[in-house]
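Peer 1: I have a structure I would like to understand better, so I am pasting it below and will then ask my questions one at a time.
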DNA sequence: CATATTTATATCGTTCACGATGCAAATATA
DNA sequence: TATATTTGCATCGTGAACGATATAAATATG
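What follows is the structure, given as structure tokens:
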């Protein structure tokens, strides 16, 4: 074994894990005022793109399992942000749709991306270099999410 | 608001969040055989670098709060991987030390970094480009963890 | 058409994360 | 030296994540 590899500073996963947590924390004050968590915000992003999707499509889009998404959606339904309806064609499906409240949140949260975006701009991450970072992360996700 | 910004594909946090989860999942089969979770493995990395550290130092190194680390360490103590002793100079401190079992895990898990490292090598993330990715993530962490 | 398999979702148990709060020891201040 | 403040850790409650398992509906197979 190469001892250097064991150092925390050399670990990619730890950086991803930390950056992810810290950036999620940056969303917190912007979302909590509206009773939202970050994963719930992700669900809204999916539904704002296309309303009325089955649980499975939402889960796949977020690279999550349904056993994570189901309780999350149940909480969102309780908050009146979405509604869950049995699928008509396929009775196994649960179709998730935005309520009026869920749709209105789109306007209320419209400035979140730019606020958070500005919060991460720094020496090595700029408008110019971000695409390269995105490409690397996408490649990692592709590599790890594949069969 | 710029509508494009609202698309999931344009969100940095979502990529970090997904990449972090998927890469952590890649660690799972390597760690679970030894009864470890990924955050517990991170604690071991910290202690392998320097044994006998107070809770606070471990938490700071991992950018976590003590209310996350304390229960985690209690579970690790129950598993016999570490021991928790009251600090001698400062009675408030809890000094965390490796047990024999905790030290032995270092050898048993020695090949984990290279296995996981190989799992993420892809088109845009190579030995050559990784330092650039590391630098970007470090900058983001620095920017977000600062006062 | 009856049975087997697959699929879509839900439930359960455990372990994080983390905001809020509590408590005792150490340190600062009056 | 009393009292106030800070510091280090622990406890509690809630919401993810996720492996394992369950259940009903749809589909495939005999």
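Chains as they are written, first to last, in my numbering: chain A, 1 to 147; chain B, 1 to 147. Using N, Cα and C, we set each Cβ at its ideal position, and we do this for glycine too.
Less than 9 Å between the C-beta atoms of residue 6/B and residue 23/A, yes or no?
Peer 2: no
Peer 1: Here's the rule I'm using: 16 or more other beta-carbon atoms within 10 Å means buried, otherwise exposed. How should residue 142/B be labelled?
Peer 2: exposed
Peer 1: What are the complete alpha helix (DSSP H) segments, minimum 4 residues, inside the segment 63-122 of chain B?
Peer 2: 66-78, 100-108, 112-120
Peer 1: Does any C-beta atom of chain B lie closer than 9 Å to the C-beta of residue 116/A?
Peer 2: yes
Peer 1: Within the 9 Å Cβ cut-off, does residue 11/B reach chain A?
Peer 2: yes
Peer 1: Along chain B, in chain order, which residues have C-beta atoms closer than 8 Å to that of residue 123/A?
Peer 2: 139
Peer 1: Is the segment 122-131 of chain A touching the segment 129-143 of chain B in the sense that three or more CB pairs, one from each, lie closer than 8 Å?
Peer 2: yes
Peer 1: Cβ closer than 8 Å: which chain A residues qualify as neighbours of residue 29/B?
Peer 2: Neighbours of residue 29/B on chain A: none; closest Cβ ~13 Å, over 8 Å.
Peer 1: Give every residue of the same chain whose Cβ lies closer than 7 Å to the Cβ of residue 44/B, excluding the five residues on either side of it in the sequence, and list them in chain order.
Peer 2: 102, 105
Peer 1: Report the option in 100/B, 55/B, 42/B whose CA atom is closest to the CA atom of residue 91/B.
Peer 2: Closest in C-alpha terms to residue 91/B, from the list 100/B, 55/B, 42/B, comes 55/B.
Peer 1: Mind pulling the chain B residues with CB within less than 9 Å of residue 49/A?
Peer 2: 6, 7, 8
Peer 1: If contact means a Cβ-Cβ distance below 7 Å, which residues of the segment 68-83 of chain B contact chain A?
Peer 2: Cβ contacts with chain A: none found.
Peer 1: Can you check whether the C-beta of residue 40/B is within less than 9 Å of a C-beta belonging to chain A?
Peer 2: no
Peer 1: How far does the alpha helix (DSSP H) with residue 10/B in it extend, from its first residue to its last?
Peer 2: Here residue 10/B belongs to no alpha helix (DSSP H), and DSSP marks it neither H nor E.
Peer 1: Using a Cβ-Cβ cut-off of 7 Å (strictly less than) and excluding sequence neighbours within five positions of residue 38/B, which residues of its own chain qualify?
Peer 2: Result list for residue 38/B: 24, 27, 31, in chain order.
Peer 1: Are the CB atoms of residue 134/A and residue 15/B nearer to each other than 9 Å?
Peer 2: yes
Peer 1: Using a Cβ-Cβ distance under 9 Å, would residue 145/A count as near chain B?
Peer 2: Closer than 9 Å: yes.
Peer 1: Could you give the distance in angstroms between the alpha-carbon of residue 128/B and the alpha-carbon of residue 132/A?
Peer 2: Taking the straight line joining both Cα atoms gives about 14 Å.
Peer 1: With a cut-off of 8 Å on the beta carbons, I'd call residue 64/B and residue 98/B a contact; round off their distance for me.
Peer 2: About 19 Å separates the two Cβ atoms, so there is no contact after all.
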